[in-house]
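Undergrad:
2 protein chains.
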Amino acid sequence: MSLRIALLGLLSISGPASGYDLTKRFETSLAHVWQAGHSQIYPELAKMAADELITVEAEGARGRKIYTITSDGRSELHRWLTEYTPTAAPRSEIALQTFLTPLLDTEEAVALVERMKADFEARLQELLALKHPEGKPRYGRYALDLGIRQARMAVEWATDTIADLKESAPPNGDAGHATRAPESPEPS
Amino acid sequence: MSLRIALLGLLSISGPASGYDLTKRFETSLAHVWQAGHSQIYPELAKMAADELITVEAEGARGRKIYTITSDGRSELHRWLTEYTPTAAPRSEIALQTFLTPLLDTEEAVALVERMKADFEARLQELLALKHPEGKPRYGRYALDLGIRQARMAVEWATDTIADLKESAPPNGDAGHATRAPESPEPS
DNA sequence: ACTCTCATGTAATTAGTTACATGATTAC
DNA sequence: GTAATCATGTAACTAATTACATGAGAGT
Chain S
1 MSLRIALLGL LSISGPASGY DLTKRFETSL AHVWQAGHSQ IYPELAKMAA DELITVEAEG
61 ARGRKIYTIT SDGRSELHRW LTEYTPTAAP RSEIALQTFL TPLLDTEEAV ALVERMKADF
121 EARLQELLAL KHPEGKPRYG RYALDLGIRQ ARMAVEWATD TIADLKESAP PNGDAGHATR
181 APESPEPS
Chain Z
1 MSLRIALLGL LSISGPASGY DLTKRFETSL AHVWQAGHSQ IYPELAKMAA DELITVEAEG
61 ARGRKIYTIT SDGRSELHRW LTEYTPTAAP RSEIALQTFL TPLLDTEEAV ALVERMKADF
121 EARLQELLAL KHPEGKPRYG RYALDLGIRQ ARMAVEWATD TIADLKESAP PNGDAGHATR
181 APESPEPS
């Protein structure tokens, strides 16, 4: 369903386009929001045309089909935006690694979270670079803002988690600052 | 692959269990990290047993099979945690709605983001309730911490976005505080 | 006897990924 | 002419959802 909505959204925002154009837009503007390759997009466009959410308005060079959103498509899109509440299906590999972190010993756990932190930082820089490329507000700026905040939050989480991991199992037996009881790990 | 890892993780953390037990644990401890129903879990366990990542150690009442993780299973799990870097496949319906928000007029957009905000707040309360149920640290506490920070960040984002939406298209033509130029929307 | 929860599975469908296949146009 | 990019598709496979199906044991 959501692929359909993403395609309708792109056609609504930037006008008629071919499957190829839409594939490119998934790689650029939509890249941080929804992913889809051409092998998924072409068949979906055909189904959407069969359902009359879009039509082939023109055929360009070498069989290039230019799709245009129909009023049925627009109302489907509008209905999804105003009536549908996403259920945020929790399926995140990062969260899963995070969940399972206590299975590793401290050094490994620290290495894992440090790797994550580096990824979050890279992502943050990438998103910051997208901000106002020509100094004007763009479609997707709220999504971009959300992504930036998310990345920043994740970096902070990683920093704090690394500190916590190091603190709860210090590398040497130095008892000079034992003012805080180490949290005991919970065995199975 | 990740379902497999989640199952290995549960078996590693809390010891031998049946498909039914594991399904229950997906509903409780893992609920905010990875989702799977019994119809996905049973066949996967059979495949994992065929691959010798787990074994049937005991059979309980009414055909209940108790699975135990093998050393192959443990090393597979360990390898995934230490070597595999998740690629955070961006596929979020909430981010998609966010991205498409500018297609709505201001009132509708505000209503949408307010609905999101309510959901984020509910989620935050739900997660906060899971914190230290018996006052002691638990498996999954880093994941829980990440989830809580995420929910809090999302609430803040929603608050700021609602304000921004209202500001860039005020409900009445009051020019008394026009010290700030409204951001011009970018047409298709 | 009946109902509820426990407990395990399969079937059908939809969504998504990876690999295969083909041909047109443009730039060198 | 040849290589790169444009452009569109199909096939095979894996992952996930929804629905169907069945039976055992426990409590009333």
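Protein chains in written order, with the UniProt record's numbering: chain S, 1 to 188; chain Z, 1 to 188. Virtual Cβ for every residue (Gly too), placed ideally from N, Cα, C. Note that this is a predicted model, so its numbers are computed, not measured.
1. Using alpha carbons as the reference points, say which of S:H132, S:P102, S:A118 lies closest to S:L165.
2. Could you pull the DSSP bridge partners for S:A58 from this structure?
3. Interface residues of chain S around Z:G140 at Cβ under 7 Å?
4. What residue does the alpha helix (DSSP H) around Z:W157 start on, and which one ends it?
5. With DSSP as the reference, identify every bridge partner of S:W34, one or two as the case may be.
6. Verify the CB distance criterion: does S:Q125 have a CB-CB separation below 8 Å to chain Z?
7. Within 8 Å of any Cβ in chain Z, is that where the Cβ of S:L45 sits?
8. Between the beta-carbon of Z:Y142 and the beta-carbon of S:T98, is there less than 8 Å?
9. Between which two residues does the alpha helix (DSSP H) holding S:E126 run?
10. I'd like to know if Z:L106 contacts chain S, where contact means its C-beta is closer than 8 Å to some C-beta of that chain.
11. Measuring CA to CA, which of Z:T23, Z:H32, Z:T28 is closest to S:I94?
12. Please identify the residue among Z:P43, Z:M48, Z:D51, Z:A151 whose C-alpha is closest to the C-alpha of Z:A118.
13. Pull up the distance between the alpha-carbon of S:S14 and that of S:E126, whole angstroms please.
14. Z:I94 touches chain S at which residues, Cβ-Cβ below 9 Å?
15. If you count every other CB in all the chains shown that lies within 10 Å of the CB of S:A163, and 16 or more means buried, which is it?
16. Which first and last residues belong to the alpha helix (DSSP H) in which Z:E76 is found?
17. Can you give me the C-alpha to C-alpha distance between Z:D145 and Z:H132, rounded to a whole angstrom?
18. For Z:P170, which option in Z:A129, Z:G147, Z:E114, Z:V110 has the closest C-alpha, if you only look at C-alpha atoms?
19. Can you pull the chain S neighbours of Z:I162, defined as C-beta to C-beta under 9 Å?
20. Is S:H78 near the ligand ADP - that is, is its Cβ less than 7 Å away from at least one heavy atom of it?
21. Taking S:G19 as the query, report the chain Z residues whose CB atoms sit under 9 Å from its CB, ordered along the chain.
22. Could you pull out every residue in the same chain whose Cβ sits closer than 8 Å to the Cβ of Z:L3, ignoring the five residues on either side in sequence?
23. Closest Cβ-Cβ distance between Z:G9 and chain S: below 8 Å?
24. Say whether chain Z places a C-beta atom closer than 8 Å to the C-beta of S:S71.
25. Just the chain Z side, please: which residues come within less than 8 Å of S:A6 by C-beta, in chain order?
26. Taking 7 Å as the limit between beta carbons, can you name the residues of its chain near S:L8, skipping five residues before and five after?
27. Quick one: Cα of Z:T28 to Cα of S:L100, how far?
28. Tell me, which residues are paired with S:A49 by DSSP?
29. Have a look at Z:L11, Z:A88, Z:L96 and flag the residue whose alpha-carbon is nearest the alpha-carbon of Z:Y67.
30. Determine the direct distance from the alpha carbon of S:M48 to that of S:M153, and round the result to whole angstroms.
31. Give me whichever residues DSSP pairs with Z:A17 in a beta bridge.
32. What is the DSSP secondary structure of S:S2, reduced to helix, strand or coil?
33. If we define contact as Cβ-Cβ less than 8 Å, is S:M48 a contact residue for chain Z?
34. Quick one: does S:T28 have its CB under 8 Å from some CB of chain Z?
35. Measure the alpha-carbon distance for S:I148 versus Z:T55 and round it to whole angstroms.
36. So which residues of chain Z does S:L112 contact, with C-beta pairs closer than 9 Å?
TA: According to the data block:
1. Numbered from 1 along the first sequence, position 165 holds the residue referred to as residue 165 of chain S. Closest option to S:L165, Cα to Cα, is S:P102.
2. Locating residue 58 of chain S in the first sequence gives position 58, where the first residue counts as 1. Residue pairing of S:A58 in beta bridges, as defined by DSSP: S:I66.
3. Here residue 140 of chain Z corresponds to residue number 140 of the second sequence, with the count starting at 1. In chain order: F99.
4. Here the question's residue 157 of chain Z lines up with position 157 in the second sequence. Note, Z:W157: alpha helix (DSSP H), 141-168.
5. By 1-based counting over the first sequence, the position of residue 34 of chain S is 34. The partner list for S:W34 (beta bridge, DSSP) reads Z:R91.
6. Taking the first sequence and counting its residues from 1, one reaches residue 125 of chain S at position 125. S:Q125 does not count as touching chain Z.
7. Translated into positions along the first sequence, residue 45 of chain S becomes position 45. It does not: the Cβ of S:L45 has no partner Cβ on chain Z nearer than 8 Å.
8. Translated into positions along the second sequence, residue 142 of chain Z becomes position 142. Translated into positions along the first sequence, residue 98 of chain S becomes position 98. The Cβ atoms of Z:Y142 and S:T98 sit closer than 8 Å to each other.
9. Indexing the first sequence from 1 puts residue 126 of chain S at position 126. Per DSSP, S:E126 is one residue of the alpha helix (DSSP H) stretching across 106-130.
10. The residue given as residue 106 of chain Z occupies position 106 in the second sequence. It should be noted that the sequence gives Thr, not Leu, for residue 106 of chain Z. For Z:T106, not one C-beta of chain S is nearer than 8 Å to its own C-beta.
11. One-based indexing of the first sequence puts residue 94 of chain S at position 94. Closest by alpha carbon: Z:H32.
12. Position 118 of the second sequence, counting from 1, holds the residue named residue 118 of chain Z. Selected option, being the one with the closest Cα: Z:A151.
13. On the first sequence, position 14 is the one that residue 14 of chain S refers to. On the first sequence, position 126 is the one that residue 126 of chain S refers to. S:E126 has its alpha-carbon roughly 24 Å from the corresponding atom of S:S14.
14. Working through the second sequence from its first residue, we reach residue 94 of chain Z at position 94. Neighbourhood of Z:I94 in chain S, by CB distance below 9 Å: P86, A88, L146, in chain order.
15. By 1-based counting over the first sequence, the position of residue 163 of chain S is 163. Burial call: exposed.
16. As a first step, residue 76 of chain Z must be located in the second sequence, where it is residue number 76. Segment 71-83, the alpha helix (DSSP H) holding Z:E76.
17. Position 145 of the second sequence, counting from 1, holds the residue named residue 145 of chain Z. Position 132 of the second sequence, counting from 1, holds the residue named residue 132 of chain Z. So the alpha carbons of these two residues sit roughly 11 Å apart.
18. By one-based count along the second sequence, residue 170 of chain Z stands at place 170. When each option's Cα is compared against that of Z:P170, the closest is Z:V110.
19. Taking the first residue of the second sequence as position 1, residue 162 of chain Z is located at position 162. Ordered by position in chain S, no residue passes the 9 Å Cβ test against Z:I162, which lies about 10 Å from the chain.
20. For the ligand ADP, the structure offers nothing, since it holds no ligand at all.
21. Looking up residue 19 of chain S in the first sequence gives position 19. None at all; the shortest Cβ gap to chain Z is about 19 Å.
22. Walking along the second sequence from the start, residue 3 of chain Z turns up at place 3. So the qualifying residues of the chain are W34, A36, Q40, I41, E44.
23. The residue you call residue 9 of chain Z lines up with position 9 of the second sequence. Cβ-Cβ to chain S under 8 Å: yes for Z:G9.
24. Locating residue 71 of chain S in the first sequence gives position 71, counting from the first residue. Not one chain Z Cβ lies under 8 Å of S:S71.
25. Locating residue 6 of chain S in the first sequence gives position 6, where the first residue counts as 1. Under the 8 Å cutoff, chain Z gives L96.
26. Position 8 of the first sequence, counted from the first residue, corresponds to residue 8 of chain S. The answer, listed in chain order, is L53, I69, G73, E76, L77.
27. Position 28 of the second sequence, counting from 1, holds the residue named residue 28 of chain Z. Position 100 of the first sequence, counting from 1, holds the residue named residue 100 of chain S. Cα-Cα distance, rounded: 15 Å.
28. Counting from one through the first sequence, the residue named residue 49 of chain S turns up at place 49. Residue pairing by DSSP places S:A49 in no beta bridge whatsoever.
29. Reading the second sequence from its first residue, position 67 is the one you call residue 67 of chain Z. Taking only the C-alpha atoms, the option nearest Z:Y67 is Z:L11.
30. Against the first sequence, residue 153 of chain S aligns to sequence position 153. Against the first sequence, residue 48 of chain S aligns to sequence position 48. Going from the Cα of S:M153 to the Cα of S:M48 covers about 38 Å.
31. Along the second sequence, read from residue 1 onward, the residue named residue 17 of chain Z stands at position 17. Per DSSP, Z:Y67.
32. What you label residue 2 of chain S is simply residue 2 of the first sequence in a count that begins at 1. Here S:S2 sits in helix by DSSP.
33. Counted from its first residue, the first sequence places residue 48 of chain S at position 48. Not one chain Z Cβ lies under 8 Å of S:M48.
34. Taking the first sequence and counting its residues from 1, the one referred to as residue 28 of chain S is at position 28. Not one chain Z Cβ lies under 8 Å of S:T28.
35. Against the first sequence, residue 148 of chain S aligns to sequence position 148. Against the second sequence, residue 55 of chain Z aligns to sequence position 55. Between S:I148 and Z:T55, the C-alpha separation is close to 44 Å.
36. If you number the first sequence from 1, residue 112 of chain S lands on position 112. For S:L112, the C-beta contacts it makes with chain Z under 9 Å involve L81, T82, in order along the chain.
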